[in-house]
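Each residue of the sequence shown is one higher than the last, beginning at 16 in this note's numbering. Glycine included, every Cβ here is placed at the ideal spot set by N, Cα and C. One structure below.
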Amino acid sequence: MGSGHERAPLAIERSLVRLASSLSAVAALLYLATAAYTGDSLLLAGVTGPAAIAVLGLFLLRTNRARVLPLMLAATAVTITQNAMLGIHDIADASLVPLALIGITGAFFVQDRFAIPYVVGFSAIIFVSRLQWSSEATRYLQAGIVAASVAFGTTLLAWVRREFSLREDRYRTLFEHAPVSLWREDYSLVGAEIAALADRGITNLEAHLTENPEEVRRLASLVRVIDANDAAATLTEAPDRNLLIGPLPMDTFSRGALESFIPQFVAIADNSEKATTELKGGLTMTGRPIEALLVWSAPRVAGELDLSNVTVAIVDITRQREAERRLQDLVDSKDQFVATISHELRTPLTAVVGIAEELRNADGSIDEAERSELLDLVAEQSHEVTRIVDDLLVVARTDAGNLMIEAQPVDLAAETATAVQAIDSGIAIETLGTPTVFADPQRVRQIIRNLVTNAQRYGGPDIRVAIRDEGNRGVVEVRDDGEPLPPASRTEIFEPYARAKQRAGVTASVGLGLTVSRRLARHMGGDLVYDHDGSDAMFTLTLTSAHRPAFVSHNTAGVTAQSPAGR
């Protein structure tokens, strides 16, 4: 007999106490009726015993102390005592039946450690009680048969109870400690309502429920949770799993959550034992949204679904769905990136190929000035391709942790001017001081080039560049008179492949320029930020001065740099 459940369920005990009390009351009435019919006053005294048992049972029920074993032991004592007092052989013989039933039934409610003493003791009581009623020759045999019968019955029932208890313990252990959220639910009322819908002529239940969400809500409100395990409380973030017992909290169910009931109701209509669906738009008790995979299962008893004992397993797939959405976003971003980079590379490459073909087929018809102009265009478009490839390489190498920075003292004003004039010689450059910074000159030009190109693509028409020496750092500002970015976009624009806005008529960029520029600036010990002062948008590049005392260069995995002191 299992140790986890030393008592049968309280509901069973209450039912048996109620039954025993009712039978005792009937026995008392039989004694009373027989005494009235025969006029035997001795039978009238027999009313006392069963009436006392009936009163005791009623008392136990009214005080919520319904326990079978005390009541049955009291019934045994009363029956034996009454038989001895009345001295009527026929009644004593008839009492063997209830005494045997009491002994056998009581074995089901005895704790493990008292099982053997109970069987031996109760059998001995029956044996002794029968000795006084038999003849000298048969009394021992009769008493032995009765006692052996009771002993066999009680032992058999004790074994059945032990097996039942072991199975119940295994089930409870599996149920309560399963890593998956498990629920036992009662769908009996739902089954009756679905049958009523079928009687009304609704043959396509799924279509009917899909078109009538309130009908789904009504049916779902009839579901009752009988039990839930610890994992269910964890999943729903309930402080106590007992809070999950009872009707479902329909006021917290979104339409998406209600839709998960439709496959379950259709399974009932189709007399199917299982249904699998997704729970979308669910909420925990703390209001956290969850998505889950739900498996509904109803046992089949005597060929019919037992809707009173349905098992529902719920697996949290919120993180999986979030990961899938992030993966899909990455796939979409990759597709967009491939399309954009293909278009952006095709533009200069088309120009290079076209001009090269024209030069090859010119056959002396192009004069030297035109040839020089065409070659300049080839060089310019080739540099554009190089810039795109450089940006891609920087992102790839920083992600891999092996970007190489050859840092040295750099004339920030000279490098800025070189980068700006290579793009547009008409852009004004204002220089306040001649800062010398510790950086990689090629990477400085790459940053300035990206900032000016970004201003041309997305900023206002008035583009200006300012260079300042602030002592311990050199500063480059690329300004334009464009509109300010929304607060959220001021961080997003530095993310890979991000573009805050797109100007009509301008070819979309890869969306790496600002990402590359900020990464390079920070790898060289500086930074790149965006701001708007009310009239101008400003991208401000800061780099550490090469003359700053005790300067230690920024260094990350895979980045090599030399400090001034080490040169």
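Note to self: According to DSSP, is Thr522 part of a helix, a strand, or is it coil?
What the structure shows: Residue placement at Thr522 cannot be trusted, given a pLDDT of 44 that sits under 50; what the coordinates show is reported in the next sentence. Three-state result, Thr522: coil.
Checklist line | Identity of the residues DSSP links to Leu320 by a beta bridge | finding: According to DSSP, Leu320 bridges with Arg315.
Note to self: Let's see if you can read the secondary structure: which residues bound the beta strand (DSSP E) around Gly296?
What the structure shows: It spans 289–298 - the beta strand (DSSP E) in which Gly296 sits, taken as one unbroken run.
Next item on the list: Would you kindly work out how many angstroms separate the C-alpha atoms of Asp426 and Ser560, rounded to a whole number?
Entry: Whole-angstrom Cα-Cα distance: 10 Å.
Notebook entry, point to check: Which value, in whole angstroms, describes the spacing of the CA atoms of Asp214 and Leu59?
Noted result: Just so you know, the alpha carbons of Asp214 and Leu59 end up roughly 58 Å apart.
Checklist line | Same chain, Cβ closer than 7 Å to Leu75, neighbours up to 5 away in sequence not counted | finding: Around Leu75: Val32, Ala81, Arg82, Leu86.
Note to self: Which of the three DSSP states is assigned to Glu306 in this structure?
What the structure shows: In the three-state scheme derived from DSSP, where H, G and I count as helix and E and B as strand, Glu306 is classed as strand.
Notebook entry, point to check: Hey, how far is the Cα of Arg472 from the Cα of Gln335?
Noted result: One Cα belongs to Arg472, the other to Gln335, and the distance between them is close to 39 Å.
Notebook entry, point to check: According to DSSP, is Val531 helix, strand or coil?
Noted result: If DSSP states are grouped into helix, strand and coil, Val531 belongs with the helices.
Margin query: Let me check one thing: in DSSP terms, what residues is Gln436 bridge-paired to?
Written below: Gln436 is bridged by DSSP to nothing; it lacks a bridge partner.
Checklist line | Burial state of Thr53, where buried means 16 or more other Cβ atoms lie within 10 Å | finding: Counting Cβ neighbours within 10 Å, Thr53 comes out exposed, since fewer than 16 surround it.
Notebook entry, point to check: Should Trp311 and Thr292 be called a contact, given that it needs their Cβ atoms to be closer than 9 Å?
Noted result: In this structure, Thr292 lies closer than 9 Å to Trp311 by Cβ.
Item checked: Buried versus exposed call for Asp495 [16 or more other C-beta atoms within 10 Å across all chains shown] -> Buried.
Note to self: Can you look up Pro424 in the DSSP assignment and give me helix, strand or coil?
What the structure shows: Of the three classes helix, strand and coil, the one that applies to Pro424 here is strand, per DSSP.
Checklist line | Straight-line Cα distance separating Gln97 from Tyr133 | finding: If you take the alpha carbons of Tyr133 and Gln97, they lie about 22 Å apart.
Check: Do three or more CB pairs link the segment 350–365 to the segment 303–321 at distances below 8 Å?
Finding: With the cut-off at 8 Å, the segment 350–365 and the segment 303–321 do not touch.
Check: Thr557 lies in the beta strand (DSSP E); which residues open and close that run?
Finding: 552–559 is the extent of the beta strand (DSSP E) around Thr557.
Check: Hey, out of Ile260, Asp331, Ser287, whose CA is closest to Leu294's CA?
Finding: Sorting Ile260, Asp331, Ser287 by C-alpha distance to the C-alpha of Leu294 places Asp331 at the top.
Check: Grouping DSSP H, G and I as helix and E and B as strand, with all else coil, what is Ile482?
Finding: Reduced to three states, the DSSP call for Ile482 is strand.
Notebook entry, point to check: What's the C-alpha gap between Val404 and Arg534?
Noted result: Distance between Val404 and Arg534, taken at the CA atoms: about 16 Å.
Notebook entry, point to check: In whole angstroms, what separates the C-alpha of Glu275 from that of Asp347?
Noted result: Correcting the residue type first, residue 275 is Ser in the shown sequence and not Glu. The alpha-carbon atoms of Ser275 and Asp347 are separated by roughly 29 Å.
Note to self: Using only the alpha-carbon positions, how far apart do Thr530 and Ser504 sit?
What the structure shows: Here the C-alpha atom of Thr530 lies approximately 13 Å from the C-alpha atom of Ser504.
Check: Hey, does Leu259 have any beta-carbon neighbour from chain B nearer than 9 Å?
Finding: Of the protein chains in the structure, only one exists, and it is not chain B.
Checklist line | Proximity winner among Leu204, Ala130, Asp321, Ile482, relative to Glu445 (alpha-carbon distances) | finding: Considering only alpha carbons, the answer is Ile482.
Next item on the list: Classify Ala454 as helix, strand or coil using the three-state DSSP reduction.
Entry: Ala454 falls in the strand class under three-state DSSP.
Notebook entry, point to check: How would you write the range of the beta strand (DSSP E) that Gly607 sits in, first residue to last?
Noted result: Lying outside 16 to 582, the shown extent of the chain, residue 607 is not represented and no answer is given.
Next item on the list: Could you check what DSSP says for Ala243 in three-state terms: helix, strand or coil?
Entry: Strand at Ala243.
Notebook entry, point to check: If you compare alpha carbons, which of Ala454, Asp414, Gly448, Ala432 is closest to Ala422?
Noted result: Considering only alpha carbons, the answer is Ala454.
Next item on the list: Could you check which residue in Glu229, Ser287, Pro254, Glu399 has the C-alpha nearest to that of Gly271?
Entry: For the residues Glu229, Ser287, Pro254, Glu399, the minimum Cα distance to Gly271 belongs to Glu229.
Next item on the list: Please classify Val459: is it buried, with 16 or more other beta-carbons within 10 angstroms of its beta-carbon, or exposed?
Entry: Val459 should be labelled buried.
Check: Between the Cα of Ile68 and the Cα atoms of Leu34, Val480, Phe190, Leu57, which residue gives the shortest distance?
Finding: For Ile68, the nearest C-alpha among the options comes from Leu34.
Note to self: Given this structure, state the Cα-to-Cα distance separating Asp245 from Ser196, to the nearest angstrom.
What the structure shows: Rounded to whole angstroms, Asp245 to Ser196 spans 7 Å at the Cα level.
Note to self: Could you tell me the alpha carbon to alpha carbon distance between Arg412 and Asp406, rounded to whole angstroms?
What the structure shows: Spanning the alpha carbons of Arg412 and Asp406 requires a straight line of approximately 10 Å.
Checklist line | Contacts around Asp255, its chain only, beta-carbon distance under 8 Å, and the 5 residues preceding and following it disregarded | finding: The residues are Ala248.
Notebook entry, point to check: What is the C-beta distance between Leu466 and Phe352, in whole angstroms, given that I count them as a contact (C-beta under 8 Å)?
Noted result: By a beta-carbon distance limit of 8 Å, Leu466 does not contact Phe352. Their separation comes to about 21 Å.
Next item on the list: Apply the 10 Å Cβ neighbour rule to Pro450 and answer buried if 16 or more other Cβ atoms are within range, or exposed otherwise.
Entry: Answer is buried; the Cβ neighbour count reaches 16.
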